[in-house]
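Under numbering that gives the first Met the number 0, residues 0 to 143 are what the sequence shown spells out, in order.
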Amino acid sequence: MAEFRDSIDIGAPPETVFEYLITNGGMTAWMGQYADLDPTPGGKFAVDIAGHPVRGEYLHIDPPSRVVMSWGFAGSEDLPAGASKVEFRPTPIGGGTRVDLRHSDLPDTEVRGHADGWANFLPRLAVVGAGGDAGPDGWQPLPD
0 MAEFRDSIDI GAPPETVFEY LITNGGMTAW MGQYADLDPT PGGKFAVDIA
50 GHPVRGEYLH IDPPSRVVMS WGFAGSEDLP AGASKVEFRP TPIGGGTRVD
100 LRHSDLPDTE VRGHADGWAN FLPRLAVVGA GGDAGPDGWQ PLPD
């Protein structure tokens, strides 16, 4: 299994950024077209991204400094629902928040596609977290 890590700085306090990780409207402002979230340990994490149903559950919620959810795709044999973990760690920095992302337990074959997805979505999180509008998301997964 492999891991992907990245980080981004956002011009907003951690409390503001955290809301974009745990609310339906917050999540779909930067990632996905549909979200059904229950941000409690064991609660549902469901986001549809470019026609792909990401499914899992929230594993840890420590407002506003940490959120961890399981992640995978409904019906996938390569990365089934809940098979990997995504962790966000918003921490205060001068002028805002640094969000560290760690996506772990990824099959080696899934790293490239998820790296491409996060490269699209993290800058969108920075835009909305700072009060902007990321606009419609036209991201599509890389071809196999």
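Heads up, the beta-carbon is just placed ideally off N, CA and C, and yes, glycines get one too.
Within a 10 Å sphere around the beta-carbon of residue 59 sit fewer than 16 other beta-carbons, which makes this residue exposed. Counting along the chain, residue 15 sits inside the alpha helix (DSSP H) bounded by residues 13-21. Beta bridge pairing from DSSP links residue 68 with 57 and 85.
Sequence-distant Cβ neighbours of residue 39 in its own chain, meaning closer than 8 angstroms and more than five residues away, are 57 and 60. Between the region 13-20 and the region 101-109 there are fewer than three C-beta pairs closer than 8 angstroms, too few to call the two in contact. Around residue 52, the same chain offers 73 as residues with beta carbons nearer than 6 angstroms, after the five sequence neighbours per side are excluded. If you compare the alpha carbons of 118, 133 and 131 with that of residue 6, the shortest gap goes to 118. Taking each of 29, 8, 95 and 64 in turn and checking the Cα distance to residue 120, the smallest one comes out for 29.
When rounded, the separation of the alpha-carbon atoms in residue 130 and residue 89 is 16 angstroms. Counting C-beta atoms within 10 angstroms of its own C-beta, residue 68 has 16 or more neighbours from the protein chains shown and is therefore classed as buried.
By the 16-neighbour rule on beta-carbons within 10 angstroms, residue 13 is buried.
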